Structure formats: structure tokens, C-alpha cells
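> Just dropping this structure here.
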Amino acid sequence: MLSLFKKTKMLENKMDDFLDHTSESSMVFYEAVKHYFLGTEAEFKSQVAKIYTLEHEADTLRREIENQLYTETLIPESRGDVLALLENTDNVINQVKGTIADFEIERPEIPPEYTDGFLKLTGFSGQAVDKMVKSIRAFIRNPQGVKDWLHKVYFYEKEADNTAENLKRKIFQSDLPLAQKNHIRYFLRQIDSVADRAEDVADRLAIYTIKRSI
Amino acid sequence: MLILFYLSSGLFLGWSLGANDAANVFGTAVSTKMVRFKTAAIIASIFVVLGAVSMGGGASATLGKLGAVDMIAGAFVVALSAGFVVYTMVRLGLPVSTSQAIVGAIMGWSFFSGTLVDYSALIKIVTSWIAGPILAMVFSLLIYYIFQKLTQKIHVHIFRIDLYTRIGLIVVGAFGAYSLGANNVANVMGVFVPVSPFKTIDFFGLMQFNSTQQLFLLGGLAIAVGIMTYSGKVMETVGAGIVKLTPQAALVVVLAHSIVLFLFASQGLHDWMRSLGLPGIPLVPISSSQLVIGAVVGIGMVHGGRNIQYATLVRIGLGWVYTPVAAALIAFFALFFMQNVFSQPVHQQVPFEFSLEVRDKLNEKSITIPKSLWKYQYPTAVACRRALLDEASMDHSELAIVMEYAKVELLKLQDPERFVQAAVKDLTPEQINAVVALEGETYRHRWQLGEALRAESDSWQITDPGQTSQHENELNLVCEIIHRQMNLKSP
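If you're matching them up, the sequences are chains A and B in order.
Residue numbers for the first sequence follow numbering that gives the first Met the number 0, beginning at 0 and rising by one.
Residue numbers for the second sequence follow numbering that gives the first Met the number 0, beginning at 0 and rising by one.
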């Protein structure tokens, strides 16, 4: 009986850890983008390394949680939902990692007048992820509180969309060569996608919450 | 040895009950994989036996009142018919009540033997069948509501809720199995109680294990075997009931169901309520399946009733009607075969007569019997009643009194030692001594034995027949035991 409590406690901790990793990845993401634009290479590299580690650890945690949920047939009613939630949350971290990896490999040349716009966009995406994590935490402890966070996710996702659109407009109205315009557009879309992934999770969460309250 | 053969039908019924009703307690827990079947089966088996042995007596007495099946071959057929109906319904995947099957079968016996049905007991039983599910519904509604409010206030982790639910399902399941054993063992072994072949076992003077308890132990074990061997299949299908239950809802359903079963089985609670001047909850075997349905409907109502599949509910309701009818019919025909093909007496001939003694006694109560009825002996209660209704004008209560006095039953205490054993739990030592002192005497009517006992000891304050009192119940018990012993001696 005691080991059952222990096991449950461990599983709870793993879930919390996984969410911590997700939330942290969004903060590190912002820092990494900031250092890329500042040109502080050493700091940028260290943030990139951090994101790789976070992504890797989050993957391991996710697999462990999924394994335990399946092998011990836990939460039979919500298992499918929680598993899908884990997978989708993992997509967010993957998106963060993929974007940063592209920055590191492709080294896009972005004129300094767009720096503020990019940082603003990254900030909004990060906020969307942060609120998404908070809504998941609410889902597993207090389903009634989920909706308080969901609308914030939607808010930041929309802000990110608007910012990305404005930036894109400016870039394509500029005299930059078309190849560069396209390259920059790709990165805009990548950063914006982080917020979109967070929105996907929020959409699912809204349904799961209704299911849990029935 | 023969008696063990006769008991086998009760054991079969017990097996059917275990196969069918354990699913009410652990069905959702197992079908949602919250509790492993093996764990559920072991816990259910242990607690069913505990409940049967420690608390099975109350409901069994009520069943005995409905129809005192007075020959062991009759009891065998009654239990077999009920078991057959339950088994068939389980095989067909229909929800079935063992309580209804056994009551139906007892009614079949009553019709076959021409015994008058104790309608007050029948009404008590049928009202309990209606009241039980309603109570379960109310309990589940309340518990579910409280449960919902609590989880909204206390923020518990989803995995922690899962753990608590698992533990809850096991604990409540154990309570449910205990209550099931306590309430439903009467269905399985009730008809055999007075003919129990077992002797009281004394554990170093510390504690006694009487013959009824041993019989209930056997019944409990039969239920346990049913759980182990067949209930798994029923549990797998229970998920597709009237509404799909979450494990938390299942916990509430099982709890509500178990509380009601417990209420209808607890002699202690019954006595306590009586001592407070409240009407005691009748100790009646009720259908565990019906309680679950009631409790599930209760939860459905919390959600505004939109999830309830009324068609399924109607199908189940129909089962409640045809179970007793089918059991009664099967018992009736099976008794016919037992008596005429296998030449086994399935009921005692209880004749009625208006001898001089009876007429004198009735005269004291200012009831006169028409002369045309004096010379006959009526072979059955039904025949006597018909004659009285045709020839004499009397109201319902007078009729009941006349029938009680006219009933002929030869009563002779032949084996005082066995009598003491059988009665030690229910009678005081003075009362038992008074009975034993009458060894060898023969009485033709029950009221004559009552009078003799009253003359023997002040502990026997027998009131007039037909007036329900503690002492009359005790006198009835004495007669039952004497009857069965006489039947055993002269097969």
C-alpha cells in the first residue's frame, strides 16, 4: 500500500518535471533568440545546448510517464486524453528545439530594424507556452480552473499571429533580395508555430476538461 | 448424506448468485481495469463469507415467514428452480435477482401445497424491493453530490484521485461483498435453516458456531465459488449497462448499493431503531442488481437524466416481473415431478378441522362455526378457507383466527438435545427448559402447545394466535424446529 503511494508520488513528480521542462524551454527559447540578435555567440550557444538537454530530458520523462500509465493501467477514463496531452505538449518543445536548431545551422541574416519585432514575437510565443503549461497544471489538479488560463493562451497566440503578420508585411515591402525575404519569413513562421502548437494543446484541453466534468 | 444431496440445490443457487451479483460490487472496477479480477474475486469471496456467517440470520427469518417450506425435498426443488432461473438469465446476459427468483419459487411451492400465502410477509418483501432501489437512488444522489462538491474544493492531483479511487473501490467493494453475503445468503440457504444437519461447534467455551452459521458458511462458500469461476464474464459485460460509469461514479454506486443492502440485513440496526420507537427497517433479502440500477439512475439524475437509456431500464424492469413468475411456474411443475415421479413428499399435509376442542376455543372468542363444517377434515388451507367463505360469514381477521385454531399439526418433541442446539440462539434457557419438560407429549394444534408451555413456565406468555408478538414468533420457532425434526425422523 505504501509503495502504491510512493509510486503515485513519483509519477506526480515526473509529470510536474515534464511541465517544468516545457515551461523552462520557452524561457530559454527567448534568451537564445535574444542572444542571436545581440550577436553574443557564447551565450547563444549555451542557450542552444540548454534547449537540447531540456528537450531530451522531457522526451525521457514523457516516455516514462506513458509507460507507467499503460503498464499500471492508471486513470483508465482519462488515460487517452492525458497521453495525447503529453504528446502534444512534447510537440511544443520539439518546435522550440527545431526553431533554435535552424537558427544555429542556417544563421539567417536578419536586418537590425526587425530585431524588436522578432523579440516581441518570441515573447508572445513564450507567453503562450507558459500559459499553456499553467492550464495543464490546472487540468491535473483543478479542472474548474483550466478556463482561466485557456483564454490567456488564445490571447498570446493571437498576438503572436498579428506580430508575425506585421513583420512579414514589412519584410516583403523592403528592398531585401527575395531569397533573404523568404529565409526570414521561414523563421517568422517557425517562431509563430510555437504559439500555434501551444494553441493546439489548449484546444484539446478545453475538450478534455468538459469530459472530466461529466 | 441424503441431506447433503438436498443441500446441493441451495449450493447451486449460491453459485449462481456469486456468478451474477459479484459484478454489482466489482463490475465497473474490473471492467475499467481499476482493480484486477483476481484481487476483486479474492476480496469479494472472503467478505461474502464473513457477511453470510456473521449477519445472515435476519433476512433469512423473513423469508421463512413467507412460506415455511416444510419438507426437505420441497426445499430442494424450491432452491433448484430459483437457481435454474438465475442461471438461465445469467447465461442470457439478463440482469436477474436471486431474491425474486427464490420468492417466486416459494410462492410456487405455496400454490402447489395449498398453503395460504402470508401476504403480510409478501407485502413487506415486495415493498422492500421497491423501497430498496429508491433508497439506493437517494443515497447515490447525495453521496455523488457531496463527492462532486468536495473534489471541486480540494484540489487533488489526477493521479492521486486515481489512487484514492482504487483504494476506495476495494474498501467499498469489501463492504459491498459483506453486505451482499449478509443480505442474500438467506436466498441461498434460508429454506434449509430448520433442517440444518450440522451440530453446534464450541470453541473452548469462548465462542459458538451454531448450525445455522455453519449452513450460512456453506452458502457463503458456494457464493464465493460462483465469484471465482463465473463472475469474471459478467463483470466484463457490466460496463455496457444503462449508463457508462466512470470509476468515481462506480465507487458511489457501489457504496450506495452496499449501504442499502446493509440496512436491510442488520438486526442490530433494526433493534436499535425499534428501541428508539422508530419503525425498524424490515430484514428482507433484496436484489443487489436492482439497488445498483437505482444508484446508477441516481447519478444519471445528477446529470439531468440525459444519459439514462430508458429502453434498457424498461428491459430490466420487465426482468423483475418475469423472474418471480418464471421461478414460481418452474417450481410448481418441478414439485409435481418430484412428488409424482420420484415419489418424494415435497410438503406436509396440513389438514384443518373443527373438532370439539377447536370449536370450544373459538366459542370463547364468540366465533361460531356452522354445523355443516364440523364433520369434515379439510386437506389444505385453501380448501378450508374456501369452505369457510362459502358457509360462514366472517370478516378477514376472524377468518385468520379460525384458520390458526383449526390447523392440525402433530407436535411431539422427540430429540430434546437437538432441539436445545437449534434453539439456543433465539430462546432463553427458561423457555428451552419448558419445552424440554414437555418431551413425549403430543399436541394436535399449535395453540395447544402454546397453552402447555404457558402452564409450564412464566417465560412463555403466549398471546392468541394471529397477534404478532415476540412470543408468538418464538412459539412458531419451536413448532418449526419440532416439525423439521419429526420430518427427519420419519422420511
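Glycine included, C-beta positions come from ideal geometry on N, C-alpha and C.
A quick note: this is a predicted structure, and the numbers were derived from the prediction, not measured.
1) Quick check on this structure: which residue in B:L220, B:T61, B:G131, B:K32 has the alpha carbon closest to the alpha carbon of B:L168?
2) For B:K148 and chain A, any beta-carbon pair shorter than 9 Å?
3) Considering just the uninterrupted stretch of the beta strand (DSSP E) at B:M402, what are its terminal residues?
4) Would you call A:E54 buried or exposed, if buried means 16 or more other Cβ atoms sit within 10 Å of its Cβ?
5) Could you check the C-alpha separation between B:Y309 and B:I292 for me, to the nearest Å?
6) Got a sec: which bits of the segment 120-141 of chain A sit with their beta carbon under 8 Å from any beta carbon on chain B, in order along the chain?
7) Does the segment 315-328 of chain B come close enough to the segment 215-226 of chain B that 3 or more CB-CB pairs lie under 8 Å?
8) Mapping DSSP to helix, strand and coil, what is B:Y33?
9) Using a beta-carbon distance cut-off of less than 8 Å, what residues from the segment 257-288 of chain B approach chain A?
10) Report the rounded CA-to-CA distance for B:A239 versus A:S212, giving the unit in angstroms.
11) If A:L118 sits next to A:K33, beta carbons under 8 Å apart, how far is it from one beta carbon to the other, in whole angstroms?
12) What residues in the segment 64-91 of chain A bring their beta carbon closer than 8 Å to a beta carbon of chain B?
13) Would DSSP call B:S489 helix, strand or coil?
14) With distances taken Cα to Cα, identify the nearest neighbour of A:F186 among A:I206, A:Q126, A:F154, A:G97.
15) Please report whether the beta-carbon of B:V155 lies at a distance below 9 Å from any beta-carbon of chain A.
16) Need the endpoints of the beta strand (DSSP E) that B:D201 sits in, please.
17) With a threshold of 8 Å, are at least 3 pairs of Cβ atoms found where one atom belongs to the segment 65-85 of chain B and the other to the segment 344-361 of chain B?
18) Just the chain B side, please: which residues come within less than 7 Å of A:T7 by C-beta, in chain order?
19) Throw me the rounded Cβ distance for the B:V47 and B:A176 pair, which I believe falls under 8 Å.
20) Where does the unbroken alpha helix (DSSP H) through B:F208 begin, and where does it stop?
21) What does DSSP give as the partner residues of B:T441 in its beta bridges?
22) From A:A201, A:N181, A:V193, A:S173, pick the residue whose C-alpha is nearest to that of A:F28; which is it?
23) Using a Cβ-Cβ cut-off of 6 Å (strictly less than) and excluding sequence neighbours within five positions of B:A40, which residues of its own chain qualify?
24) To the nearest angstrom, how far is it from the Cα of B:R35 to the Cα of A:E71?
25) In chain order, what residues of the same chain have a beta carbon less than 6 Å from the beta carbon of B:M88, not counting five sequence neighbours either side?
26) Can you tell me the Cα-Cα spacing of A:Q143 and B:Q151, whole angstroms?
27) Hey, does B:R384 have any beta-carbon neighbour from chain A nearer than 9 Å?
28) If the cut is a Cβ gap below 8 Å, which residues of chain B does A:Q143 touch?
29) So which of B:T61, B:F111, B:A454 has the shortest CA-CA distance to B:P344?
30) Which residues, in order along the segment 30-42 of chain B, keep a beta-carbon less than 8 Å from a beta-carbon of chain A?
31) With burial defined as no fewer than 16 other Cβ atoms inside 10 Å of the residue's Cβ, what is the status of B:S371: buried or exposed?
32) Using DSSP with H/G/I as helix, E/B as strand and the rest coil, what is B:Y375?
33) Kindly indicate if chain B contains any beta-carbon less than 9 Å away from that of A:F4.
34) My guess is that B:Y143 and B:A248 are in contact by the Cβ rule of under 8 Å, so how many angstroms apart are they, rounded?
35) By Cβ distance, which residues of its chain are closer than 7 Å to A:L82, with the 5 residues on each side in sequence left out?
In short:
1) Nearest option by C-alpha distance: B:K32.
2) Not closer than 9 Å to any Cβ of chain A, the Cβ of B:K148 fails to qualify, so no.
3) Bounds of any beta strand (DSSP E) do not take in B:M402; it lies within the alpha helix (DSSP H) bounded by 395-405.
4) A:E54 counts as buried, since no fewer than 16 other beta carbons sit within 10 angstroms of its beta carbon.
5) When rounded, the distance between both Cα atoms is 12 Å.
6) Taking a C-beta cut-off of 8 Å against chain B, the contacting residues of the segment 120-141 of chain A are F138, I139, R140, N141, listed in chain order.
7) They do not touch, by the three-pair rule.
8) The amino acid occupying residue 33 of chain B in the given sequence is Met; Tyr does not appear at that position. Under the three-state reduction of DSSP output, B:M33 falls in the coil class, being neither helix nor strand.
9) Within the segment 257-288 of chain B, contact with chain A at the beta-carbon level (separation under 8 Å) is assigned to no residue.
10) Low local confidence applies: a pLDDT of 46 at B:A239 is under 50, so the model's placement there is unreliable, and no value is given.
11) The Cβ separation is near 6 Å, so the contact holds.
12) Residues passing the 8 Å Cβ filter: T72, L73, I74, P75, E76, S77, V81.
13) For B:S489, the pLDDT reaches just 43, beneath the cut-off of 50, and the residue's location in the model is therefore unreliable, although a value from the coordinates is still provided. Coil, per DSSP.
14) Closest by alpha carbon: A:G97.
15) Yes, B:V155 lies at the interface with chain A (some Cβ there is under 9 Å from its Cβ).
16) Judged by DSSP secondary structure, B:D201 falls within the beta strand (DSSP E) whose first and last residues are 200-202.
17) Taking a contact to require three or more Cβ pairs closer than 8 Å, the segment 65-85 of chain B and the segment 344-361 of chain B qualify as touching.
18) Residues of chain B whose Cβ lies closer than 7 Å to the Cβ of A:T7 are, in chain order, F158, R159, L162.
19) Indeed they touch by this definition, with Cβ atoms about 5 Å apart.
20) That residue, B:F208, is in no alpha helix (DSSP H); its beta strand (DSSP E) goes 206-208.
21) DSSP, once it has assigned bridges, lists B:K411 as partnering B:T441.
22) A:V193 is the residue among A:A201, A:N181, A:V193, A:S173 whose C-alpha sits nearest the C-alpha of A:F28.
23) Around B:A40: I226, M227.
24) Distance between the alpha carbons of B:R35 and A:E71 is about 11 Å.
25) Only V95 meet the Cβ criterion.
26) A:Q143 and B:Q151 have their C-alpha atoms roughly 7 Å apart.
27) So, not an interface residue.
28) Residues of chain B with a Cβ closer than 8 Å to the Cβ of A:Q143 are, in chain order, Q151.
29) If you compare the alpha carbons of B:T61, B:F111, B:A454 with that of B:P344, the shortest gap goes to B:F111.
30) Within the segment 30-42 of chain B, the residues whose Cβ lies closer than 8 Å to some Cβ of chain A are T31, K32, M33, listed in chain order.
31) Here B:S371 is exposed. Its C-beta has fewer than 16 other C-beta atoms within 10 Å.
32) Correct three-state label for B:Y375: coil.
33) Yes, A:F4 lies at the interface with chain B (some Cβ there is under 9 Å from its Cβ).
34) Right, their Cβ atoms sit about 7 Å apart.
35) So the list reads E65, L68, once near-sequence residues are dropped.
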